[in-house]
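Trainee: Chains as they are written, first to last, in the numbering used here: chain A, 1 to 171; chain Y, 1001 to 1135; chain S, 2001 to 2566. Quick reminder that beta carbons are idealized off the backbone N, C-alpha and C, glycines included. Only a predicted model underlies this, so the values are computations on that prediction, with no experimental measurement involved. Below you'll find the structure I mean.
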């Protein structure tokens, strides 16, 4: 009886520790949060949201399996669709989005890409999160293998990695 | 032959026969020949009829020729009267050429022939040729 | 033309293909240019510089925050390195690919450094030297990055040079080929089109002409005084009649009498061998009963696109009647000439009758045997028959021909004709010899009395020819010969009356040509003879032979007979 009680306590403490570690990991995941903002064409801010990894995971997810110029072989990218993120506007949205990377590079992505191509903000590569050096935490991914015309310089410039914020320009 | 004898020459057998029969029935002596050579032969044999009655065409022979030959014969063999009968219509000039005493046109009336011949034989003047032709 | 078309099209395809290939090359060139613009190397170098400055800041004033920021920078720098060799751009350049090992070494170094930084304390004394040593460790990376950048630039310059070259020499050949083939194609199509339009115009014109000609022809046929009948050979159906033809039967082609006319026409249009020939001559009884003489032709024709039979008929009744009248007149003239002979011939039986009557009278008057009288009467009867035969002959000779042809025995007809003139010949002292080397069953087709008239005519002419030679002692002889050769009968009338004058022998069959004096010859006999012989599909010719003339008549044997023989 007493051994059982001790076992349960131990298990509980282990869980706390594990949670702590996970939390730590989670904490690390939230080291680079994602900022999603909605602005008018003139630059006036309409709304802003900040997501950590959990928040990102809560959005409707999609999966793209493809080759890329920067990886070897077929990879599986998982993450919320940009269309889902765009819907956070709670109003008929947007003509484009400006994506900013941790390195302060940016790319402008027109609305047709998330409406027609089904692009995603990949948060997982083959199921695991990505380190900054591995082009994480977030990487905008196109279904390259699915469409031949995505294999161009223009589109490759839009597949921005190390995304730190998305600024949607409403119409 | 006596005064009333006649030699009839015609290649028409039936006509010659009828003529012969007629003259015989009138009391003449008649000989009938159907060819010119036969007639010549008979005359040369000394038939000497008082009259010669011949057709102009006797088969292949010419009656006029016969007459001419007869005229050349010796007098005692020649017939005294020569009469020609013909079916053709002949003109007067042609009749004269024949040197015949009479020229009758068929069909002849035998009575007229006989009377004409008899008259000549009995010394009557030469007959009117034209009248003969008409008859 | 088709060959040229194929060649041109092939040229076009070739040109298009070449252009496409050159476009692709161009595009590849362009993308290669853009991709390998050294941009990645530049970006990497930028991160390197930022990292270096962060190093300086951290070494100057170490703090947790500075260390975190350094870690961040190092992460970014680290993420840039694989791009140098492990992207499309990197793979393009040989020189950059050669740096791969070096860069990978630095990746490892950077990885280790990044992982160690969280463990460093800002205040620990060993931190600064660690940082300094790390700094120097990654310093050569800067140079590597610079080198890579330079190589990219050099490469790009090469690309630019080649691009300029390519731009300078545009795809002349494919363009030229394209232009030429395009132009040729257009030219060919245009010329083809024009030719086709021309042909179409020609065909339309020809068609219009044909229609015009047909219309014109139709108008002519309608107006023609010759009866025109178009008959469908299948079923002898009348397809077309013109007004002149309508006068023969009925204005309506459906009238049943047409069939009779057509049948008669076909029967009449046969030559001596029984084959359908072109011309015909026939008598036809019109529906009202009037008999007309028709002359015409039958031939094949294309009418409204189909093969039909064309019958042309012209009413020669009046002409025929005139002809017959003329023949009759000639005959009667001949008869007139023969009057003396006929009279003479009649005189013979009359003479006998007269004699027999005289003798019979005598017999009756002398009450002779009744048998003798009946003999005489019999003789009279026989002579009357003889006279009747003569008058029958005259009547037969004098009557109008029926104008209906039939079959008759050649030998019999010639013998009748010869018999008719026999007395005349006897009177003239001419011998007539008949050498009939043909069977009595040998038939001729034609009108018998007209044929007899021809023979009589020739015999009379021969007799008349002797008139001028009356004093010739030689026996005159006329020979009538007949013999058969193949399907023909040859009848010759030959005399020895001196022949026909050479200057008229050519025209002897022409009407109104006569050698006889005006009161004897009408000059129509031989021309009539020729007409009759022609109507019987035969020929008549005159030639001079030794001492006289010979007339030769050739006639086809009646059809049925030759068929039997065949």
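What are the boundary residues of the alpha helix (DSSP H) that residue 2373 (chain S) is part of?
Mentor: Numbered from 1 along the third chain, position 373 holds the residue referred to as residue 2373 (chain S). Under the DSSP assignment, residue 2373 (chain S) falls in the alpha helix (DSSP H) whose first and last residues are 2370-2398.
Trainee: Looking at the C-beta of residue 2063 (chain S), does it have a partner C-beta in chain A at a distance below 8 Å?
Mentor: Counting from one through the third chain, the residue named residue 2063 (chain S) turns up at place 63. Not one chain A Cβ lies under 8 Å of residue 2063 (chain S).
Trainee: Taking DSSP as the reference, what is the three-state secondary structure of residue 1121 (chain Y)?
Mentor: As a first step, residue 1121 (chain Y) is located in the second chain; it is residue number 121 there, counting from the start. Here residue 1121 (chain Y) sits in helix by DSSP.
Trainee: Count the other CB atoms, across all protein chains shown, that sit within 10 Å of the CB of residue 2462 (chain S); report buried if there are 16 or more and exposed otherwise.
Mentor: Mapped onto the third chain, residue 2462 (chain S) falls at position 462. That one is buried.
Trainee: Among the candidates S:2536, S:2087, S:2129 and S:2082, whose CA atom is the shortest distance from the CA of residue 2106 (chain S)?
Mentor: Here the question's residue 2106 (chain S) lines up with position 106 in the third chain. Cα-wise, what sits closest to residue 2106 (chain S) is S:2082.
Trainee: I want to check one thing, is the minimum distance from the CB of residue 70 (chain A) to the heavy atoms of the ligand ZN below 7 Å?
Mentor: In terms of ligand content, the structure shown is empty, and the ligand ZN therefore cannot be addressed.
Trainee: Just mark residue 2400 (chain S) as buried or exposed, buried being the case when its beta carbon has 16 or more other beta carbons within 10 Å.
Mentor: Locating residue 2400 (chain S) in the third chain gives position 400, counting from the first residue. Classification for residue 2400 (chain S): exposed.
Trainee: Can you find the residues in the same chain that come closer than 6 Å, C-beta to C-beta, to residue 2567 (chain S), ignoring five residues on each side of it along the sequence?
Mentor: Missing from the structure shown is residue 2567 (chain S); chain S here goes from 2001 to 2566 and no further.
Trainee: Return yes when the Cβ of residue 1103 (chain Y) is within less than 8 Å of the Cβ of residue 1049 (chain Y), no when it is not.
Mentor: Residue 1049 (chain Y) sits at position 49 when you count from the first residue of the second chain. Residue 1103 (chain Y) sits at position 103 when you count from the first residue of the second chain. Their beta carbons are not under 8 Å apart, which means residue 1049 (chain Y) does not touch residue 1103 (chain Y) by this criterion.
Trainee: Could you check the C-alpha separation between residue 2139 (chain S) and residue 61 (chain A) for me, to the nearest Å?
Mentor: Counting from one through the third chain, the residue named residue 2139 (chain S) turns up at place 139. Counting from one through the first chain, the residue named residue 61 (chain A) turns up at place 61. Using only the alpha carbons, I get a separation of about 43 Å.
Trainee: What does the alpha-carbon distance come out to for the pair residue 2204 (chain S) and residue 2213 (chain S)?
Mentor: Mapped onto the third chain, residue 2204 (chain S) falls at position 204. Mapped onto the third chain, residue 2213 (chain S) falls at position 213. Cα to Cα, the separation comes out at about 14 Å.
Trainee: Using the Cβ count rule (16 or more neighbours within 10 Å means buried), how would you classify residue 2494 (chain S)?
Mentor: As a first step, residue 2494 (chain S) is located in the third chain; it is residue number 494 there, counting from the start. Burial state of residue 2494 (chain S) is buried, judged by a 10 Å Cβ sphere holding 16 or more other Cβ atoms.
Trainee: Is residue 2046 (chain S) closer than 8 Å to residue 2078 (chain S) when the C-beta atoms are compared?
Mentor: Here residue 2078 (chain S) refers to the residue found at position 78 of the third chain. Here residue 2046 (chain S) refers to the residue found at position 46 of the third chain. No, Cβ-Cβ distance for residue 2078 (chain S) and residue 2046 (chain S) is not below 8 Å.
Trainee: Please report the residue range of the alpha helix (DSSP H) in which residue 2342 (chain S) lies.
Mentor: What you label residue 2342 (chain S) is simply residue 342 of the third chain in a count that begins at 1. From DSSP, the alpha helix (DSSP H) with residue 2342 (chain S) extends over 2339-2365.
Trainee: Using a Cβ-Cβ cut-off of less than 8 Å, give me the residues of the region 2347-2361 of chain S that come near chain Y, in sequence order.
Mentor: 2347, 2348, 2350, 2351, 2352, 2353, 2354, 2355, 2356, 2358 and 2359
Trainee: Looking only at C-alpha atoms, which of S:2385, S:2407, S:2487 and S:2358 sits nearest to residue 2376 (chain S)?
Mentor: Along the third chain, read from residue 1 onward, the residue named residue 2376 (chain S) stands at position 376. When each option's Cα is compared against that of residue 2376 (chain S), the closest is S:2358.
Trainee: Check the Cβ-Cβ distances between residue 29 (chain A) and every residue of chain S, and say whether any is below 8 Å.
Mentor: Locating residue 29 (chain A) in the first chain gives position 29, where the first residue counts as 1. Confidence at residue 29 (chain A) is low in this model, with a pLDDT of 47, below 50, so its placement is unreliable and the value that follows should be read with caution. No, because no Cβ of chain S sits closer than 8 Å to the Cβ of residue 29 (chain A).
Trainee: By the criterion of Cβ-Cβ separation under 9 Å, what are the contact partners of residue 1108 (chain Y) in chain S?
Mentor: Start at 1 with the first residue of the second chain, and residue 1108 (chain Y) comes out as number 108. Under the 9 Å cutoff, chain S gives 2351, 2354 and 2355.
Trainee: So who's on the other strand from residue 2457 (chain S), going by DSSP bridges?
Mentor: Mapped onto the third chain, residue 2457 (chain S) falls at position 457. Looking at the DSSP assignment, residue 2457 (chain S) forms no beta bridge with any residue, so it has no partner.
Trainee: Between residue 2553 (chain S) and chain Y, is any beta-carbon pair separated by less than 8 Å?
Mentor: Translated into the one-based positions of the third chain, residue 2553 (chain S) becomes position 553. No, no contact with chain Y.
Trainee: Can you give me the Cβ contacts of residue 2178 (chain S) inside the same chain, cut-off strictly under 6 Å, excluding the 5 residues immediately before and after it?
Mentor: Looking up residue 2178 (chain S) in the third chain gives position 178. Result list for residue 2178 (chain S): 2015, in chain order.
Trainee: Is DSSP giving residue 2258 (chain S) helix, strand or coil here?
Mentor: Along the third chain, read from residue 1 onward, the residue named residue 2258 (chain S) stands at position 258. Residue 2258 (chain S) falls in the helix class under three-state DSSP.
Trainee: If you run the structure through DSSP and keep just helix, strand and coil, what is residue 2531 (chain S)?
Mentor: Here the question's residue 2531 (chain S) lines up with position 531 in the third chain. DSSP places residue 2531 (chain S) in helix when its eight states are reduced to three.
Trainee: Residue 2563 (chain S): buried (16+ other C-beta within 10 angstroms of its C-beta) or exposed?
Mentor: For the purposes of this step, residue 2563 (chain S) is taken as the residue at position 563 of the third chain. Only weak support exists for where residue 2563 (chain S) lies, its pLDDT of 48 falling under 50; the value from the coordinates is given anyway. Counting Cβ neighbours within 10 Å, residue 2563 (chain S) comes out exposed, since fewer than 16 surround it.
Trainee: Considering Cα atoms alone, identify which of A:114, A:104, A:102 and A:105 is closest to residue 95 (chain A).
Mentor: Within the first chain, numbered from 1, the residue matching residue 95 (chain A) stands at position 95. Ranking the options by Cα distance to residue 95 (chain A), first place goes to A:114.
Trainee: From residue 2280 (chain S) to residue 2264 (chain S), what does the alpha carbon distance come to, in whole angstroms?
Mentor: Locating residue 2280 (chain S) in the third chain gives position 280, counting from the first residue. Locating residue 2264 (chain S) in the third chain gives position 264, counting from the first residue. Each residue's Cα considered, the two are about 10 Å apart.
Trainee: Considering only the alpha carbon of each residue, which of S:2557, S:2257, S:2232 and S:2156 lies closest to residue 2439 (chain S)?
Mentor: Here residue 2439 (chain S) corresponds to residue number 439 of the third chain, with the count starting at 1. If we check each option's Cα against that of residue 2439 (chain S), S:2557 comes out closest.
Trainee: What's the gap between the Cα of residue 2155 (chain S) and the Cα of residue 152 (chain A)?
Mentor: Within the third chain, numbered from 1, the residue matching residue 2155 (chain S) stands at position 155. Within the first chain, numbered from 1, the residue matching residue 152 (chain A) stands at position 152. Looking at the two C-alpha atoms, the distance is approximately 20 Å.
Trainee: Identify the continuous beta strand (DSSP E) that holds residue 2488 (chain S) and give its terminal residues.
Mentor: Here residue 2488 (chain S) is taken as the residue at index 488 of the third chain, counted from 1. Judged by DSSP secondary structure, residue 2488 (chain S) falls within the beta strand (DSSP E) whose first and last residues are 2488-2495.
Trainee: Do residue 35 (chain A) and residue 144 (chain A) have their beta-carbon atoms positioned less than 8 Å apart in this structure?
Mentor: The residue labelled residue 144 (chain A) in the question sits at position 144 within the first chain. The residue labelled residue 35 (chain A) in the question sits at position 35 within the first chain. With respect to the 8 Å criterion, residue 144 (chain A) and residue 35 (chain A) are not classified as neighbours on the basis of their beta carbons.
Trainee: Does residue 2002 (chain S) come out as helix, strand or coil in the three-state DSSP assignment?
Mentor: Within the third chain, the letter at position 2 stands for residue 2002 (chain S). Helix.
Trainee: When you compare the CB of residue 1122 (chain Y) with every CB in chain S, is at least one pair closer than 8 Å?
Mentor: As a working mapping, residue 1122 (chain Y) is identified with position 122 in the second chain. Output row for residue 1122 (chain Y): interface = no.
Trainee: Is the beta carbon of residue 2441 (chain S) less than 8 Å from the beta carbon of residue 2409 (chain S)?
Mentor: On the third chain, residue 2441 (chain S) is found 441 positions in, with the first residue counted as 1. On the third chain, residue 2409 (chain S) is found 409 positions in, with the first residue counted as 1. Yes, Cβ-Cβ distance for residue 2441 (chain S) and residue 2409 (chain S) is below 8 Å.
Trainee: Does the beta carbon of residue 2340 (chain S) come closer than 8 Å to any beta carbon on chain Y?
Mentor: Position 340 of the third chain, counted from the first residue, corresponds to residue 2340 (chain S). It does; some Cβ of chain Y falls within 8 Å.
Trainee: Could you check which residue in S:2284, S:2240, S:2242 and S:2482 has the C-alpha nearest to that of residue 2261 (chain S)?
Mentor: Here the question's residue 2261 (chain S) lines up with position 261 in the third chain. Ranking S:2284, S:2240, S:2242 and S:2482 by Cα distance to residue 2261 (chain S) puts S:2284 first.
Trainee: Span of the beta strand (DSSP E) holding residue 1046 (chain Y)?
Mentor: Taking the second chain and counting its residues from 1, one reaches residue 1046 (chain Y) at position 46. First-last for residue 1046 (chain Y): undefined, no H or E at that position.
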